[in-house]
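First up is the structure itself, then whatever we jot down about it.
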Amino acid sequence: MDLKTYIATERGRAVALAGRLGVSPSYLSQMANGKSPISPERCVDIWRETGGVVTREALRPDDWQRIWPELVEQPYKRRRDDPLVEQSGPSQVAHD
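Residue numbers (the numbering used here): 6 to 101.
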């Protein structure tokens, strides 16, 4: 799922995610709408804070293979057993 869709699907989700990321809701909106670039480090933060629902591939569709070559052999959606996806928190993890 892309970031714009993720924050639009539930009222208050953008404010909550922005708070967990330590950014303003307006900056999160700029990232979601492609007006501000998202660094690889921030992509990992977003991916973790969304429980893997917003993928690194969706956040950086043009260069994710170069940044995270280990993901090339893995399915698009991360599984719950992915060690980088925290199991606690309000977010749900995507399933295959």
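Every residue gets a Cβ at the ideal spot worked out from N, C-alpha and C, and that includes glycine. Being a predicted model, the structure only gives us computed values, none of them experimental.
query: Using the beta-carbon count (16 or more within 10 Å), is Val-58 buried or exposed?; result: buried
query: Span of the alpha helix (DSSP H) holding Asp-50?; result: 45-54
query: Would you mind stating whether Ile-51 and Arg-65 have Cβ atoms separated by less than 8 Å?; result: no
query: In this structure, does DSSP put Gly-24 in helix, strand or coil?; result: helix
query: Below 6 Å CB to CB, which residues in the same chain sit around Asp-86 once its five sequence neighbours on both sides are set aside?; result: With a pLDDT of 46 at Asp-86, under the threshold of 50, the modelled position of this residue cannot be trusted; read the value that follows with caution. If we look at Asp-86 and ignore the five residues flanking it on each side, it has no Cβ neighbours.
query: Would you say Val-28 lies against chain C (beta-carbon separation less than 8 Å)?; result: Among the chains in the structure shown there is no chain C, since it carries only a single protein chain.
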